[in-house]
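Visitor: My structure is below; once you've seen it, I'll send some questions.
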Amino acid sequence: AQEEAQAAEEQRLREEEEQERLRLIAAAEEEKEANRLEEEKVQAEKERLLQEEEEQERLRLEEEQRLIEEQKRLESEREAQKEGAAEEKERREEEERDRLRLEEEAKLLEVKRLEEQRQAEEDARIAEEERQR
Numbered sequence: 081a082q083e084e085a086q087a088a089e090e091q092r093l094r095e096e097e098e099q100e101r102l103r104l105i106a107a108a109e110e111e112k113e114a115n116r117l118e119e120e121k122v123q124a125e126k127e128r129l130l131q132e133e134e135e136q137e138r139l140r141l142e143e144e145q146r147l148i149e150e151q152k153r154l155e156s157e158r159e160a161q162k163e164g165a166a167e168e169k170e171r172r173e174e175e176e177r178d179r180l181r182l183e184e185e186a187k188l189l190e191v192k193r194l195e196e197q198r199q200a201e202e203d204a205r206i207a208e209e210e211r212q213r
């Protein structure tokens, strides 16, 4: 009976050891799965951060390109305004030259008219003197 009790005790101890071994294996598997899930979570967060960083860089480049294009547009407008102002100045200068030329021509015509009038008066005076003689 004692041997049976001892054998039963040894059997119970082996079963407890087997249960403990199975529990440890199950705990190791759970920990392994938890670690795998945590690693997936870390990888997903890294991927999200990388995508966020790439999106920020894309937006920064788009804004930089927009600013460059705006700067070019403003520079073109300034150039067009400069050209327009230069053309307007040239047009005003040409109008002033034309005005001065026309004034000079008018003066010359007035001098010619006065000279012709003086000559006509002189001719009339001479004709009157000859007629009186």
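Quick note, the working numbering runs 80 ahead of the 1-based positions in the sequence shown.
Glycine included, every Cβ here is placed at the ideal spot set by N, Cα and C.
Taking only three categories from DSSP, how would you classify residue 213?
Guide: Residue 213 falls in the coil class under three-state DSSP.
Visitor: Just the C-alpha distance for residue 156 and residue 169, rounded to the nearest angstrom, thanks.
Guide: Rounded to whole angstroms, residue 156 to residue 169 spans 20 Å at the Cα level.
Visitor: Taking only the alpha-carbon atoms, compute the straight-line gap between residue 141 and residue 153 and give it to the nearest angstrom.
Guide: C-alpha separation (whole angstroms): 18 Å.
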